[in-house]
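With numbering that gives the first Met the number 0, the residue at position 62 of the sequence shown is 61, and numbering never jumps. So the structure is just underneath, and the comments pick up after that.
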Amino acid sequence: MSASPSDEDRLAKIEILLSHLQQDIDKLNEALIGQQKETMALRTLISRVESEVDQLAFPPANPLDEKPPHY
0 MSASPSDEDR
10 LAKIEILLSH
20 LQQDIDKLNE
30 ALIGQQKETM
40 ALRTLISRVE
50 SEVDQLAFPP
60 ANPLDEKPPH
70 Y
């Protein structure tokens, strides 16, 4: 049983659509990977900023600034 021309046309259209969908999925995957990299970079930056804020808010005690025990 041979496929009628309309069946062949439908199959060709489906194959083209599938190809376009695969390209879209590949582009979305690349965008997602880029977003994940950016998220990781931002998390690293936030961690560094939090550390700097902690150091400014709670500076390490300087032994020279402390009063002697008998004071």
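All C-beta atoms in this analysis are idealised placements derived from N, C-alpha and C, irrespective of residue type, glycine included. Since the structure is predicted, the reported quantities are computational estimates derived from the model, not experimental observations.
Among the residues of its own chain, which have a CB less than 8 Å from the CB of N61, if the five just before and after it don't count? Translated into positions along the sequence shown, residue 61 becomes position 62. The beta carbon of N61 is closer than 8 Å to none in its chain, skipping five residues each way along the sequence.
Alpha carbon to alpha carbon, what distance is there between T43 and H19? Residue 19 sits at position 20 when you count from the first residue of the sequence shown. Residue 43 sits at position 44 when you count from the first residue of the sequence shown. One Cα belongs to H19, the other to T43, and the distance between them is close to 36 Å.
Mapping the DSSP letters down to three states, classify H19 as helix, strand or coil. Walking along the sequence shown from the start, residue 19 turns up at place 20. DSSP places H19 in the helix class (H, G or I) of the three-state scheme.
What is the rounded straight-line gap between the Cα of L109 and the Cα of E29? Since the first and last residues shown for the chain are 0 and 70, residue 109 lies out of range.
Would you kindly work out how many angstroms separate the C-alpha atoms of L63 and Q35, rounded to a whole number? Along the sequence shown, read from residue 1 onward, the residue named residue 63 stands at position 64. Along the sequence shown, read from residue 1 onward, the residue named residue 35 stands at position 36. Separation of L63 and Q35 (C-alpha to C-alpha, rounded to the nearest whole angstrom) is 46 Å.
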